[in-house]
Each structure stands twice: as C-alpha cells, then as structure tokens.
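Notes to accompany the following structure.
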Amino acid sequence: MPLARGDRPARCDGTGTEANRRRRRNRDLRRDGHRSHRGRRGRRADDEKIMTIITRFPPSPTGTLHVGSARTALFNFLFARAQGGKFLLRIEDTDRERSRAEYADQIIAAMKWLGLDWDGEIVYQSRNAGIHRQTAERLLEQGAAYRCFCTEESLEAKRVAMRTQGKPYRYDRTCRRLDHAESDRRAAAGERFVVRVIKPAGSAPPAPQVPASPTPAGGITYQDLLHGTITLREEDLDDIIVMKGDGRPLYHLAVVCDDIAAGVTHVIRGDDHLDNTPKQIVIYQALGEKLPTYVHIPLILGSDRKRLSKREGAENVLEYREAGFLPDAVLNFLALLGWSHPEGREILGRDELIRAFSLDRVGTAAAVFDLTKLRFLNGKHVHGGPPEARARLLADYLTRRGETPPSTADLSAMLKVNGERGDTLAEIADYVRFFWVRPKTYDEQAFKKFLEGRKDLVEKIRREFEALADFEGESMEIFFRDFSERGGLKFKEVGQAIRVMLTGKSVSPPIFQSAALLGRTETLLRIDAAQEALATQK
RNA sequence: GGGGCGGUAGGCGAAUGGUAGAGCCGCCGGCCUUUCAAGCCGGAGUCUGUGGGUUCAAGUCCCAUCCGCCCUGCCA
Numbered sequence: 005m006p007l008a009r010g011d012r013p014a015r016c017d018g019t020g021t022e023a024n025r026r027r028r029r030n031r032d033l034r035r036d037g038h039r040s041h042r043g044r045r046g047r048r049a050d051d052e053k054i055m056t057i058i059t060r061f062p063p064s065p066t067g068t069l070h071v072g073s074a075r076t077a078l079f080n081f082l083f084a085r086a087q088g089g090k091f092l093l094r095i096e097d098t099d100r101e102r103s104r105a106e107y108a109d110q111i112i113a114a115m116k117w118l119g120l121d122w123d124g125e126i127v128y129q130s131r132n133a134g135i136h137r138q139t140a141e142r143l144l145e146q147g148a149a150y151r152c153f154c155t156e157e158s159l160e161a162k163r164v165a166m167r168t169q170g171k172p173y174r175y176d177r178t179c180r181r182l183d184h185a186e187s188d189r190r191a192a193a194g195e196r197f198v199v200r201v202i203k204p205a206g207s208a209p210p211a212p213q214v215p216a217s218p219t220p221a222g223g224i225t226y227q228d229l230l231h232g233t234i235t236l237r238e239e240d241l242d243d244i245i246v247m248k249g250d251g252r253p254l255y256h257l258a259v260v261c262d263d264i265a266a267g268v269t270h271v272i273r274g275d276d277h278l279d280n281t282p283k284q285i286v287i288y289q290a291l292g293e294k295l296p297t298y299v300h301i302p303l304i305l306g307s308d309r310k311r312l313s314k315r316e317g318a319e320n321v322l323e324y325r326e327a328g329f330l331p332d333a334v335l336n337f338l339a340l341l342g343w344s345h346p347e348g349r350e351i352l353g354r355d356e357l358i359r360a361f362s363l364d365r366v367g368t369a370a371a372v373f374d375l376t377k378l379r380f381l382n383g384k385h386v387h388g389g390p391p392e393a394r395a396r397l398l399a400d401y402l403t404r405r406g407e408t409p410p411s412t413a414d415l416s417a418m419l420k421v422n423g424e425r426g427d428t429l430a431e432i433a434d435y436v437r438f439f440w441v442r443p444k445t446y447d448e449q450a451f452k453k454f455l456e457g458r459k460d461l462v463e464k465i466r467r468e469f470e471a472l473a474d475f476e477g478e479s480m481e482i483f484f485r486d487f488s489e490r491g492g493l494k495f496k497e498v499g500q501a502i503r504v505m506l507t508g509k510s511v512s513p514p515i516f517q518s519a520a521l522l523g524r525t526e527t528l529l530r531i532d533a534a535q536e537a538l539a540t541q542k
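Note that the working numbering has the first sequence beginning at 5, numbered continuously upward.
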C-alpha cells in the first residue's frame, strides 16, 4: 500500500482555499514520506502495516558516475538507510548500442568508493529484456498498446513539418486507426513495427494515491512528494513507444517493469523526470499496478547556472578521488546540496547523515555546485580523524599516484607537525613532501628575499645547527630566538631563511619541528645544498 | 512552438501566512603566530527575479511577466 494516503480525516473543512488545501496536503505527504511505516502506535494494521521501503539507483552505463547522479544515489541511499529499508542498484543497459561494460564497472567502483553500499545483487536491466517484451505483448493484447508501422523517416519528417509550422508535435496516430486484422496481417508478414502505449484520453484518470483535483480533459495527475500535484493534460502527452522495431524494449517500459519486479516503493530521481513520470504511470495503470511514491529532486547546476559541465571541475565522481577528496566529504557536500540538517549542522559523517536525513528537508530549487565549499568540507573531514588514519589515507593516495611515501609511522609524525594545512590529500602532500624529497629548486622570490646576499648568516645558522646539543623543535626555537636577538636580526628573517633552505618554499609547516623530524644530518645536508646554490648564483 | 519545474546576499541554505535574510562557504579587517593554514573576534553584502492581486499581515497563496533548467527521441 502506498504510504501517502488520502484516507485521513479531512482537516481542511471548507474554510481554506483550494490552494491552502493543496499546500497542506503536500506538507502532509512530505511528512509521511519520510516518517516511517514502522510503529505508529494506535494505528492498526489497516493500510499502514509494515512495509519495507525500497529505493533504487538506476544509472545507465553510457558514461562514468556523474556527481549529479551520485547525489541522486545518495538521497536514495540515505532515505532507505534512515528508514531501515533497502537500497538497490540496477544498471540500465537496455540501450545495447550506447551501454558499455567498462562504464558499468566504473560506476560500480565509484559507488563502492563513495560507500553507497547497496542491498542484494546488482540487476543488469538488459537481462530482463524478455520480461519487458512479454509485458509489451500483454499491453498489446489488452488493447492498452498498438503496433505502429510508421518508419523513423516518416516520423522525423512529420516532426520537422510541425516544428517549422511552429506547432507542437504529437504522433498523428495513423497506426492506431489500423484495425486488428490488418495489424496482425502486417506483423505476420514480417513488417517492422514498434509498440506504442495509448495515452489516457477523454475520461479522468484513475485516482492516484491521493485524490487530486480531477483533470478535465483526461491526462495524468500524480502526487510528487516534493512538488505536490503534477498534472499533464491529455494533449501534452503522446502515445509513447515502448518497444523498438527490433523488438528491444525502451526505457519507460523497462523501468516500470523492473521497479514493479523489485517492489520499489519510492522513486527518488532528478526532476528532469517530472514530465516522464506520466508516461510511466500510463503503463502502471494499464498493468493494474500501484504507483510508487515519486520524489523528484532538483538538479545540480554549474556556476553559470547551466547544467553542470566538465569545465566546472570534475563531473566524474572518481576524479574527486584522484584530486584527493575523501568519499565522506563528497557525500557530505552532496547531501547539503538540496538538503539541510534540522539544526543547521553542516559537517556530517555518513552515519550522522543517515541519522538526520529526511525527505521533508529536501528543497525544490536547483543548486550550484560549489567546489570551494567541497574543499572546505574535505579539510574538515580529512583533519577530523587522528594523524595515523590520515597517514594511511595519504600513503594510499600517494602510492596510487605512483609516489613512494615514507612509512605510515613516519608520515603520521609529519602530519602531526603539519597540523591542518591543506584541504585535500593532494594539498597535504604538497605541504609534507619536503620531508622525504629534498628541494631541488628554491622559490625564486623567497630565495631572493631571505637567502641572497646572506652567506654569512647561512654559515652561522649551519654552525649552530651543527653544534646544537638538543635537536628538538621547541628548544631549537628558543635557541634561534636568542640567536636572532644577539645578531640584531628579526626572528622572522632567520626562520624564513631556514625554511627556504629546508623546504625550498616560503610556506611550510612549523620549521623547527620540521627540522627536528628531518634530523641533524639531513638538515645540515640541505643547508649545504643551499650554500652551494648561493655560491653558484653569484 | 507547446508543456513541466524552479528563482531568498557571490555560493549553499533557515524562516506553522506574523520583526526576513539563522547558520555555513567565500570575501574584507583584527587577534594568535617563525611562514601559511586552523582557531577566535568583527565587518561588508539585503530587503525574497519583476509587477499586480487575496489578506489585518505574503518569501510563503493566486495571476501575469522575465530569466534558468527540463520534457517534447525507435536515448536513459
């Protein structure tokens, strides 16, 4: 039974406007959608009896996992997990020409990386083609669909003709007027045909889950959890094709069949499907199946307010892994695009997301993808854990990039010194790499400012490092403060000179702790190298 | 062309029809400091795309308009 029902006592008894009624109803719907079936005290088993919520994510393997799709997957995942339901993964490879196994594998890899673990086996839609075909035949037998012998070329010509006249295109239903005998004869003769489903006409459609205002001219009215009542009039619908001329099923048929087979209760998808839903509802109705609850979430846009494109940075989820982002941070960020925590919290781990998630806090406006905020959140996630965990993450990351990082124990010590510098693993690596990679060059400006013409100072610094009794960060700092004062220098000048010599840059983790970690031998070696550079430059 | 959906500071977003801009990112300034982050403190940015209407009261409901996105495929 659908969760959202219209059988509750009327609560807007004629005092409000129709609009008010509608609004309230929408609000109620949203609430029911996320509040679960589970245990409503006092309400007995009538329609609200235990029903497991089942959501699904159905990517088509015609490309890698797009961040927008990842967010759709996330919402399905979070809703199912929050409600103790199931989250299914189905690869929609119905279009054999466009689908590629490599993409399916990449999408699966991306899902795993994100930690969006699904229940049960992955369904490959193409394997259900037989069922889809049988369903089309059943539709044909029932008279809910008909064979169409029009060629693609003639259809295209009609489309162009209508468009050039500025008129809306609809299939002219030539083949719908064919009588059965002729249709059968032509089919038997081997003529190619597609199967079209007859759009509802004339009468009002059977009431969906919640009674809505009747649609005068037929058409389809349905309830969306987020958008409320969506109506498409009869003239705005068409007799859609569900089976191609080669006998292969098409998307709208395939999703409906597979969702029914899987017992999907909630269809959470991008709002680009808002207008596709009626086409699918027609099939549900012809099949006598009850509708799932529809939840159309807004799309993600690029900074130009257009559909997120490649130049916005990565649209492929796996590219974020390469750029040094953490899956939890990506999930956190994606969740915040369209959903907000009831208490306004923003830095949330996967489990916190599951605990706090509800559909009634999902908005309806498209959101712009903001890489800066993703980076901020990633910084929070990556620095949130202990240095040891970060060390493992970083080691894996570097290894994958073909670098050879130090042991995680050593890395961990370096990261402790590094503190919270760097938002991504890539940036963190840039901060700490000097520990195990000697600077080959020096930042030009820094070299000029802090080393050039300071041979004597460098020489003195070297001597002190060599003579230092205790090669430890804090005592070194105290020593060099005193050293600066004695030499009539600013501590900053000395510190920066050392920094440039040891790291090659003017920005780095605290330099004395770094030197301590580097050790006396390495520190002296680097000063020697700097002296050499100083000498050759002259 | 037809239809659907959306529009609150630069971005994400709060706000039972009741003082709008909570909170976060970013930006600017300050503190801290050996550099840079982090952290803490403060600040700018504005009146909900626009115009009507309903109401004692509208970001919220209605109409129109503009803009954006989507559908209008033998793609999904």
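Each residue gets a CB set at the ideal place from its N, CA and C atoms; glycine is no exception.
Whole-angstrom C-beta distance between residue 469 and residue 531, which should lie under 8 Å:
Contact flag correct, Cβ pair sits at about 7 Å.
Check each candidate in 488, 155, 349, 447 and name the one with the smallest Cα separation from residue 509.
Put simply, of 488, 155, 349, 447 the residue whose alpha carbon is nearest the alpha carbon of residue 509 is 447.
Neighbour-count burial assignment, residue 129, 16 or more Cβ in a 10 Å radius
With a threshold of 16 other beta carbon atoms within 10 Å, residue 129 meets it and is buried.
Best match in 282, 273, 462 for proximity to residue 257 [C-alpha to C-alpha]:
Residue 282 is the option with its Cα nearest to residue 257.
In whole angstroms, what is the alpha-carbon distance linking residue 204 and residue 223?
Straight-line Cα distance between these residues: approximately 6 Å.
Tell me which same chain residues have a C-beta within less than 7 Å of the C-beta of residue 296, skipping the five on either side of it?
Once the five neighbours on either side are set aside, the close Cβ partners of residue 296 are 263, 268, 269, 270, 271.
In three-state terms, what does DSSP make of residue 306?
Coil.
For the stretch 89-172, which segments carrying the alpha helix (DSSP H) assignment without a break, of at least 4 residues, lie completely within its bounds, in sequence order?
The stretch 89-172 contains these whole alpha helix (DSSP H) runs: 105-118, 133-146, 156-168.
Quickly, what does DSSP pair residue 402 with across the bridge? List them, please.
Residue 402 is not bridged to any residue.
Close-in-space but distant-in-sequence residues of the same chain around residue 350 (CB under 7 Å, 5 per side omitted):
Closer than 7 Å at the Cβ level, and outside the excluded window around residue 350, lie 340.
Among 486, 537, 461, 477, which residue has its Cα nearest to the Cα of residue 501?
Answer by Cα proximity: 461.
Would you call the stretch 182-190 in contact with the stretch 231-242, where contact means no fewer than 3 C-beta pairs closer than 8 Å?
No: fewer than three Cβ pairs fall under 8 Å.
Going by DSSP in three states, residue 441 sits in which element: helix, strand or coil?
Under the three-state reduction of DSSP output, residue 441 falls in the coil class, being neither helix nor strand.
By a C-beta neighbour count over all protein chains shown, 10 Å radius and 16 as the cutoff for buried, is residue 100 buried or exposed?
Looking at its Cβ environment, which holds fewer than 16 other Cβ atoms inside 10 Å, residue 100 is exposed.
Residue(s) in a DSSP beta bridge with residue 61
Answer is 93.
Taking DSSP's pairing of strands, which residues face residue 253 in a bridge?
Note: residue 253 sits in a beta bridge opposite 247.
For residue 482, does the count of other Cβ atoms within 10 angstroms reach 16, so buried, or fall short, so exposed?
Counting Cβ neighbours within 10 Å, residue 482 comes out exposed, since fewer than 16 surround it.
Please report how far the alpha carbon of residue 67 lies from the alpha carbon of residue 498, in whole angstroms.
Using only the alpha carbons, I get a separation of about 54 Å.
When the Cα atoms are used, what is the spatial distance from residue 150 to residue 105?
Roughly 33 Å separates the two Cα atoms.
Between which residues of its own chain and residue 369 is the CB-CB distance below 7 Å, once the five residues before and five after are set aside?
302, listed in sequence order.
Apply the 10 Å Cβ neighbour rule to residue 518 and answer buried if 16 or more other Cβ atoms are within range, or exposed otherwise.
The residue is buried, with at least 16 neighbouring Cβ atoms inside 10 Å.
On the DSSP letters alone, give me the boundaries of the alpha helix (DSSP H) that residue 288 sits inside.
Note, residue 288: alpha helix (DSSP H), 281-291.
Specify, as a first and last residue, the run of the beta strand (DSSP E) that residue 298 falls within.
That run of the beta strand (DSSP E) goes 297-301.
Expressed to the nearest angstrom, what Euclidean distance is found between the alpha-carbon atoms of residue 473 and residue 479?
Roughly 10 Å between the two C-alpha positions.
For the beta strand (DSSP E) holding residue 226, just list the boundary residues, first then last.
Element bounds for residue 226: 224-228.
On the three-state DSSP scale, how would you describe residue 538?
Helix, per DSSP.
Under the three-state DSSP convention, the category residue 200 falls into
Here residue 200 sits in strand by DSSP.
With a cut-off of 8 Å, do at least 3 Cβ pairs link the stretch 360-367 to the stretch 383-399?
In the pairwise beta carbon analysis, the stretch 360-367 is classified as not touching the stretch 383-399: fewer than three pairs are separated by under 8 Å.
Can you have a look at residue 523 and say buried or exposed, based on whether 16 or more other CB atoms are within 10 angstroms of its CB?
That one is exposed.
Ignore the nearest five residues each way along the sequence and tell me which others in residue 110's own chain have a CB closer than 6 Å to its CB.
So the qualifying residues of the chain are 68.
Under a three-way DSSP split, which group does residue 231 fall into?
In this structure, residue 231 counts as coil in the three-state DSSP scheme.
What did DSSP end up calling residue 205 once you bin it into helix, strand or coil?
Correct three-state label for residue 205: strand.
If distances are taken between C-alpha atoms only, which option among 444, 396, 475 comes closest to residue 505?
The residue with the shortest Cα to Cα distance from residue 505 is 444.
Identify the continuous alpha helix (DSSP H) that holds residue 75 and give its terminal residues.
First-last of the alpha helix (DSSP H) with residue 75: 71-86.
Extent of the continuous beta strand (DSSP E) to which residue 274 belongs:
It spans 270-274 - the beta strand (DSSP E) in which residue 274 sits, taken as one unbroken run.
Please return the same chain residues whose Cβ sits closer than 6 Å to the Cβ of residue 64, not counting the five positions on each side in sequence.
Sequence-distant partners of residue 64 (beyond 5 residues in either direction) whose C-beta falls short of 6 Å from its own C-beta, in its chain, are 96.
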